[in-house]
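> Below you will find the structure I want to go over with you.
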Amino acid sequence: MVLTGHCLCKAVTYTANVDAPLLTGYDHCDDCQRQSGSTYSLVVVVPQDSLTVKGPLKKWKGIAASGNAVYRWFCEECGSPIAHDPEAAPVVALKGGSLDTEIKKTLKPDTEIWTAGKLPFCQEHLEHPFEFMPGH
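All the letters of the sequence shown, read from the start, carry residue numbers 1 to 136 under the UniProt record's numbering.
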């Protein structure tokens with residue numbers, strides 16, 4: 001499966017060659033709420049080494065609740081969020097909304113992460129909720 005996507009102005013493009021995403025779900029952490037400007041961020045997690053990114057990408061280093069760095073990626077031109085890259089794992093969480101339209105129509109989120117930050121009015125209830133990150 002090849003996942004492709006781009007920012008709003010199409011200056012940043014990416015391709016991830018994967019058999020399937022490692023995880024597709026809703027990330028309710030406060031940082032994702034702020035980066036997305038919404039109640040959660042739809043993320044499609046892929047191995048770092050599967051991803052190729054082209055264009056004027058800016059990375060901002062933040063610190064997660066764990067104390068580890070998380071790099072938030074966005075387009076330098078239009079500011080669209082592209083992904084976040086946790087220093088603690090060799091993965092990248094692509095922002096689901098940045099995937100090409102036909103690909104994002106096929107997504108089937110089955111996981112919620114950081115439900116500790118889930119806002120009380122969010123009604124999504126998926127099979128695999130995690131209070132924080134899986135494995136923590």
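Backbone N, C-alpha and C fix where the C-beta goes; we use that ideal spot for every residue, glycine too.
#1: Between which residues of its own chain and THR39 is the CB-CB distance below 7 Å, once the five residues before and five after are set aside?
#2: Which of the three DSSP states, helix, strand or coil, is assigned to GLY67?
#3: Which residue comes first and which comes last in the alpha helix (DSSP H) that contains LYS104?
#4: Select from PRO134, GLU87, LEU23 the residue whose C-alpha is nearest the C-alpha of LYS95.
#5: Opposite THR115 in the DSSP bridges: which residues?
#6: Who are the Cβ neighbours of VAL53 in its own chain at under 6 Å, not counting the five residues just before and after it?
#7: Can you tell which of SER98, LYS108, PRO134 has the C-alpha that lies nearest to the C-alpha of ALA11?
#8: My output table needs one value for GLY97: the three-state DSSP class, helix, strand or coil.
#9: If you run the structure through DSSP and keep just helix, strand and coil, what is residue 137?
So, from the listed chains and residues:
#1: On the sequence shown, residue 39 is found 39 positions in, with the first residue counted as 1. If we look at THR39 and ignore the five residues flanking it on each side, its Cβ neighbours are GLN33, LEU119, CYS122.
#2: Here residue 67 refers to the residue found at position 67 when the sequence shown is read from its first residue. GLY67 sits in coil when the DSSP states are folded into three classes, being neither helix nor strand.
#3: For the purposes of this step, residue 104 is taken as the residue at position 104 of the sequence shown. In the DSSP assignment, LYS104 falls within the alpha helix (DSSP H) that extends over 101-104.
#4: If you number the sequence shown from 1, residue 95 lands on position 95. When each option's Cα is compared against that of LYS95, the closest is LEU23.
#5: Within the sequence shown, numbered from 1, the residue matching residue 115 stands at position 115. Bridge partners of THR115 according to DSSP: none are assigned.
#6: Here residue 53 refers to the residue found at position 53 when the sequence shown is read from its first residue. For VAL53, same chain residues with a beta-carbon under 6 Å away, outside a window of 5 residues either side, are TYR14 in chain order.
#7: For the purposes of this step, residue 11 is taken as residue 11 along the sequence shown, with counting starting at 1. Ranking SER98, LYS108, PRO134 by Cα distance to ALA11 puts SER98 first.
#8: For the purposes of this step, residue 97 is taken as residue 97 along the sequence shown, with counting starting at 1. Correct three-state label for GLY97: helix.
#9: Any answer about residue 137 is impossible in this case: the structure gives the chain only from 1 up to 136.
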